[in-house]
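These protein sequence lines are chains A and B, in that order. So for the first sequence, this note's numbering puts the first residue at 6; every next one is plus one. So for the second sequence, this note's numbering puts the first residue at 124; every next one is plus one.
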Amino acid sequence: MQSGEAPASMEVETSSNGLGTHIGSFLLPPKPKFEPLKAHEMSDGRVQFRKVSVPPHRYSPLKKAWMEIYTPIYEQMKIDIRMNLKARKVELKTRSDTPDVSNLQKCTDFVHAFMLGFDVIDAIALLRLDELYVESFEIKDVKTLRGEHLSRAIGRLSGKGGKTKFAIENATKTRIVIADTKIHILGSFQNIKIARDSLCSLILGSPAGKVYSKLRQVTARLAERF
Amino acid sequence: MAKPSETGMEALHHLKSTDPPALLAPSPTLSQTARTASQHLFSCLKPYAPKSPFDQLLTDGFDAEQIWQQIDLLSQPLLSTLRRQVKHLEKHPEESKIVLKKENEFLDGERKILEEKETKRFDDDVDDDDMDMDMDEFDDEEEEEEGGRRESEKGESEDESGEMVEGKGGEGIEDKFLKIKELEEYLEEDEAREYGLDRKKKKGELKLEEEEEEEEEEEDEEEEDDDDDELDDEYEDAEENARYEDFFGAKKKTVPKRKSSLSNGSDEDSGLNDDGAVEKKGGLSTHEKQLEKLQSEIEQMEKANLEPKTWTMRGEVTAASRPKNSALEVDLDFEHNVRPAPVITEEITASIEDMIKQRIIEGRFDDIQKVSSLPSTAPKEVKQLDENKSKKGLAEVYEEEYIQKTNPAAAPISFSDEQKKEASILFKKLCLKLDALSHFHFAPKPVIEDMSIQANVPALAMEEIAPTAVSDAAMLAPEEVFSGKGDIKEEAEVTQAERKRRRAKKKRKFKAEAVKRMTKKARDNTALLNHNEGE
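This is the structure:
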């Protein structure tokens, strides 16, 4: 094979020219130029699958926003997507003309984010930007709360009409989903951290005002740095 | 002009009659007259002299010096014989009277001669060593024969100023001259006893040495002068030669004591010091007394210096270090740094009240004007936490962020509330129009603050279209970014006490605000109640 020859001959190289490399008196063939592998080819022509299960409370929102989800995935990411109603799963599959291997994973993350509770427009960011992540944690990870305390904690987190949550979102450029005792944060790594700190302090009991002031400081500092 | 062959007596008389100034100028006729006069005198005295080589005074071709020498040779032994005779007469006073009566006239002439001769001799004898003896002779003779004259001379020798006074005194005491004589003798003896002859001699010598110089000069002058200047010379010599100091040491002027008793007067006349013979306690003279006084004063002062000073002389004396109530006795004077409180009188109050009335009439009150603090810097864009759900999707948010990062100029500048601003501008315009309609006085146009937010963006980015370089220099000054006073500490650095202090401060502020809010609420409630009740 051509490829096998090249490495063997690389050890002893005296000069190189367009025609070939010289190894002593041999004339080696020129370096091959390959095009990048397609996703399809990388997996040796096999198709790759991803399946995302749909929780029951997200079933109807999914039905409503299906087209918004489907279009970018199918059109731009070139991933096949379908809903398996029986299994209540969304299935994704690579095509032959999928440009990048990571597209599939991105689409999967996007769908998964939607399933967690994020809006489509927010989740779409996952498709467009690389460095966005979703972090999830529970309230009990931070502090063991039971009964009323837990309820109060959740209330504190959201604030009146959700204003605390929105404040954190706007300040840190993240999106937060508080699903009962589970909290999901979508955003860049640093922003997630800030949002998480604020939420944790809220869970632990600090009043909203305090959290706000801290947020302000942090975001101001963040804004200066580019 | 006198004839050369006139007799001696006539010559004498002639000499006597000449004016003293005429004697000053040398004239040969006067000189001849004087010579003849001297010759006459010499021959008169010749029979009384015990031994003399000359029968007659040789004057032709001899100069003054030689003539003097001849006279001296004659008079020396004569003096001693005369002294002996006088002493004899003293012891036997009854004989003196007889003698006096007999030869009164003769003695008159003799006396004058003697005076002249004595003074002449005295001048000659100045150079001799046995001066003292001559002085004594002189004294004795003067005492015995010419009390008054001597005293007057003595007076002159003492002090020229007291001359007249002494002369007068001499005249007054002449009547009782014997007593004076006795007193003087006694005083002399006493002095001799006290001081010791040595001292007297020494003093006399010292004084004489001084006088010698003077007298030598004077002698020269006199010798140069004419012989006829005898009277004047005698006068002067008597003054200079016979000095009080020679006999009795340092004298003390006792002129003001003239009118005291005889004894005091005689003391003065003799020139003796009061302390000399009268006081015998330690033998102190006035000078010594003075010295003693001084000495005692010095001792006193030294003693005072060695002792610790009185408290008034010491600095920084507390109440404990001075005697009780001593500050009351001393007149203290200290500086007052404070102006003394004004004494309020009726006039002052009236003046103040007038001023108040005037001010009220004018309406000119010195009220404190509040200083409006204008913000020197543009108000920073305080990022308000938006508590509403963001309308933009997360993707758009990041998109904007990315654009700002890469291409800052293209990023849209954020405004806090555009609609709010618009509303405020409209309202201000409306207010202006309404004010113009309702009030009579002029109200200026409302200030529409053109608030331009300065984004803290690198200046370079704003100016350049295609930023080739990115600089860190921000548009806002560091003070505009953050203006803090004092020690800014991080949360971790704050100490426990500091934390407590901050919390307490916050609580206080919160309490004050709460109170204000409560009062406001109460007011509103009451107002509402009144309104409702009113209705």
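Positions of the beta carbon are idealized from the N, C-alpha and C atoms, including for glycine.
Interface flag for Leu517 (chain B) against chain A is set, since a Cβ pair is found closer than 8 Å.
Across the set A:Val59, A:Phe115, A:Met72, A:Ser65, the C-alpha of A:Val59 shows the shortest separation from the C-alpha of Asn89 (chain A). With its beta carbon at least 8 Å from every one in chain A, Asp610 (chain B) lies outside the interface. Per DSSP, the continuous alpha helix (DSSP H) segment holding Thr177 (chain A) begins and ends at 168–177. Among the bridge pairs identified by DSSP, Glu422 (chain B) is matched with none.
Here the region 507–520 of chain B lies against the region 171–179 of chain A, with 3 or more beta-carbon pairs under 8 Å apart. Taking a beta-carbon distance threshold of 8 Å, Val617 (chain B) does not count as an interface residue toward chain A.
For Asp202 (chain A), no CB of chain B lies under 8 Å from its own CB, so it is not counted at the interface with that chain. Burial state of Tyr521 (chain B) is buried, judged by a 10 Å Cβ sphere holding 16 or more other Cβ atoms.
Under the three-state reduction of DSSP, Asp489 (chain B) is assigned to coil, being neither helix nor strand.
In the DSSP assignment, the residues bridged to Ala184 (chain A) are A:Lys187. Boundaries of the alpha helix (DSSP H) harbouring Arg161 (chain A): 153–163, taken from the DSSP string.
The Cβ neighbour count for Val116 (chain A), taken over all protein chains shown within 10 Å, is at least 16; the residue is labelled buried. Of the candidates A:Ser193, A:Gly160, A:Phe171, the residue whose Cα lies closest to the Cα of Leu220 (chain A) is A:Phe171.
In this structure Leu138 (chain B) is in contact with Ala160 (chain B), their Cβ atoms being roughly 6 Å apart against a cut-off of 8 Å. The region 452–460 of chain B makes no contact with the region 470–479 of chain B; the number of CB pairs closer than 8 Å stays below 3. The residues Ala44, Met82, Lys83, Ile84, Thr99, in chain order, have a CB closer than 8 Å to that of Asn108 (chain A) in the same chain once the five nearest residues on each side in sequence are set aside.
The C-beta distance from Val139 (chain A) to His62 (chain A) rounds to 18 Å, too long to meet the 8 Å contact threshold. For Glu307 (chain B), the closest C-alpha among the options B:Ala427, B:Ala187, B:Phe370 is that of B:Phe370. Under the three-state reduction of DSSP output, Lys543 (chain B) falls in the helix class. Proximity to Lys187 (chain A) across A:Lys68, A:Met47, A:Glu143, A:Lys215 peaks at A:Glu143, based on C-alpha coordinates. For Leu97 (chain A), DSSP records a beta bridge to A:Arg55, A:Ile86. In the DSSP assignment, Leu407 (chain B) falls outside any beta strand (DSSP E) and carries neither an H nor an E. Along the region 635–646 of chain B, there is no position whose C-beta sits under 8 Å from a C-beta of chain A.
Inclusion of Thr179 (chain A) and Ala158 (chain A) in the CB contact set at 8 Å is not warranted, their separation being larger than that value. Assignment of Val466 (chain B) by DSSP, reduced to helix, strand and coil, places it in the coil class. In summary, Leu97 (chain A) is buried, with 16 or more beta-carbon neighbours lying within 10 Å of its beta-carbon over all protein chains present. Residues of the same chain with a CB within less than 6 Å of the CB of Leu131 (chain A), apart from the 5 flanking positions on each side, are Asp114, Phe115, Ala118, Leu137 in chain order. Non-local beta-carbon contacts of Lys543 (chain B) in its own chain, meaning distances under 8 Å to residues more than five positions away in sequence, are absent. When C-alpha distances from Glu524 (chain B) are compared across A:Ile208, A:Pro212, A:Asn196, the shortest belongs to A:Asn196. DSSP, read as helix, strand or coil, puts Glu614 (chain B) in coil.
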